[in-house]
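Residue numbers (the working numbering): 96 to 487.
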C-alpha cells in the first residue's frame, strides 16, 4: 500500500470517528429534546389528576379498599374526562399502604385490567414512580406500552397533610417522537454517508497533495543515489516545508553535478599525467640501458687502467728489490721514475673519469666503484713509493 492510500485511510478513519461521534451527539441531543417535550405533557397531566382527586376520600378508599364505594365512583368519574382532555393512553392511581406497600386503586385507559385493582403491581417499581411515592414529580424514559408502541410516563404525588398517600401515573403516546427519531436516524445515516463520501474525496485529494510531492522527492533522491544528475526537479513548486525540501534537494543535485564535472576534469588530468609518466618511465628505461652500456665501457677502461697500474706496481716492486744495485745508476732510474709517474698520473686520470661516470650511473655501478677505489689506493701507494724513491 502506497503512501497516498495510507494517508487516505487514516483521514477516512478520522472522518468516520468524527461523523459517528457527531451522529451520536445529535441523536442524544434530539432524544433529550424529545424527553423534555413529553415531560412537559405528562407531568402537568399527572398533576391535573392529583387535583381532580379528593385526598381525604382517597385516604378513606385506601383503607376501605372497596370499588363499590361512593367515593370510588366519584373519583373514577372525575378521572375519565381527564384522559380525553389530556390525550392520555393510560392513567393509574396507586395508593401507599402501611409498611410502604403499594397497590393499584384505579387503572384506566388502554390495557387496563380490573383484576389488578387493590393488588400490588407486578414487577419492579420504576424510578419515576419511586420518586413520586417519595413526594417528587418525576418521569420515566421512553418505553413501550402494552401494544408495543413508544410511550412516555409521568408521575405526581398525592399528599394529605404533608404526607404522600399515593401517586397518579399518566402515559401519553410517544409514537410521534418515535417517528421524529426515525427521521433523525435516516437524516443522520444519509448525512453520514454523504459526509463520508465528501471526506473520502477530500482525504484522497489531501493525501495526494501531501503524498505526491513526497513520492517525487523520493524518486529524485533515488536517481541522485543511482548517479543520474541530469533531470531537474521541476514538479514540486510550493512555498511550504515540502517546497523547501525540494529546493534543498535540487540544489544538492546541482552541487553534485558540478562536483562530478570537476572530478571528471581531475580524472582526465590524472590520465594525462599518467601517460606522461609512462612516457617518462620509458625514456628512463632507455636512459638506463644507455647508462649501462656506458658503465660497461667505463669498466673496460678501468680494467685496462688497472692492468697498467698493476704492471707499474710490479716494476716498482722489482725496482725496490734491486734498489741497492741501482744506486750507482740514479740518473737512469730517475728517468724511469718519471716515466712510471707519468703512467701513474694517466691511470689516476682514467680512474677519476671512471669514478665520475659511475656516480652519475647510480647504484648499478657499485662493483665498478669498488674496483676504482682499489685502484686509487694502489695509486696512492705508488705515490708514496715514488716519494721514497725521490728521497733516496
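From the three backbone atoms N, C-alpha and C, an ideal C-beta is built for every residue, glycine too.
Straight-line CA distance for residue i to residue j?
i: residue 321; j: residue 314; result: 11 Å
i: residue 431; j: residue 373; result: Below a pLDDT of 50, predicted positions are generally treated as unreliable, and residue 431, at 49, falls in that range; the measurement from the model is reported next regardless. Cα to Cα, residue 431 sits roughly 58 Å from residue 373.
i: residue 281; j: residue 294; result: 19 Å
i: residue 401; j: residue 376; result: At residue 401 the pLDDT is 48, less than 50, meaning the model places this residue with poor confidence and gives no usable figure here.
i: residue 103; j: residue 267; result: 49 Å
i: residue 265; j: residue 131; result: 15 Å
i: residue 240; j: residue 269; result: 10 Å
i: residue 107; j: residue 100; result: 10 Å
i: residue 274; j: residue 242; result: 16 Å
i: residue 245; j: residue 272; result: 8 Å
i: residue 146; j: residue 283; result: 43 Å
i: residue 167; j: residue 286; result: 55 Å
i: residue 369; j: residue 361; result: 12 Å
i: residue 170; j: residue 127; result: 35 Å
i: residue 192; j: residue 117; result: 48 Å
i: residue 186; j: residue 194; result: 25 Å
i: residue 365; j: residue 371; result: 10 Å
i: residue 303; j: residue 312; result: 14 Å
i: residue 144; j: residue 219; result: 23 Å
i: residue 206; j: residue 257; result: 32 Å
i: residue 109; j: residue 289; result: 15 Å
i: residue 526; j: residue 142; result: This structure cannot settle anything about residue 526, because the visible part of the chain is limited to 96 through 487.
i: residue 253; j: residue 155; result: 13 Å
i: residue 112; j: residue 105; result: 11 Å
i: residue 357; j: residue 363; result: 10 Å
i: residue 221; j: residue 165; result: 31 Å
With residue i as the anchor, note down where its alpha helix (DSSP H) starts and where it stops.
i: residue 279; result: 270-321
i: residue 177; result: 165-181
i: residue 160; result: Where residue 160 is concerned, there is no enclosing alpha helix (DSSP H), given that its DSSP letter is neither H nor E.
Assuming residue i contacts residue j (C-beta within less than 8 Å), just tell me the rounded distance between them.
i: residue 351; j: residue 319; result: 7 Å
i: residue 153; j: residue 261; result: 6 Å
i: residue 150; j: residue 291; result: Not really, about 59 Å apart at Cβ, beyond 8 Å.
i: residue 341; j: residue 328; result: 6 Å
i: residue 339; j: residue 316; result: That pair is no contact at about 15 Å.
i: residue 188; j: residue 148; result: 7 Å
i: residue 197; j: residue 209; result: That pair is no contact at about 18 Å.
i: residue 234; j: residue 134; result: 5 Å
Does the segment 135-143 come close enough to the segment 232-251 to have 3 or more Cβ pairs within less than 8 Å?
yes
At a cut of 8 Å, does the segment 154-167 reach the segment 218-227 through at least three beta carbon pairs?
no
Taking 8 Å as the cut-off, does the segment 169-181 touch the segment 297-305 (at least 3 CB pairs, one atom from each stretch)?
no
Report the start-end ranges of each beta strand (DSSP E) in the segment 187-265 that is 3 residues or longer and not cut off at the edges.
Note on the segment 187-265: whole beta strand (DSSP E) runs with a minimum of 3 residues are 197-204, 245-255, in chain order.
Are three or more beta carbon pairs between the segment 270-286 and the segment 114-124 nearer than 8 Å?
yes
Given 8 Å as the limit, is there contact between the segment 169-177 and the segment 201-212, that is, 3 or more CB pairs closer than that?
yes
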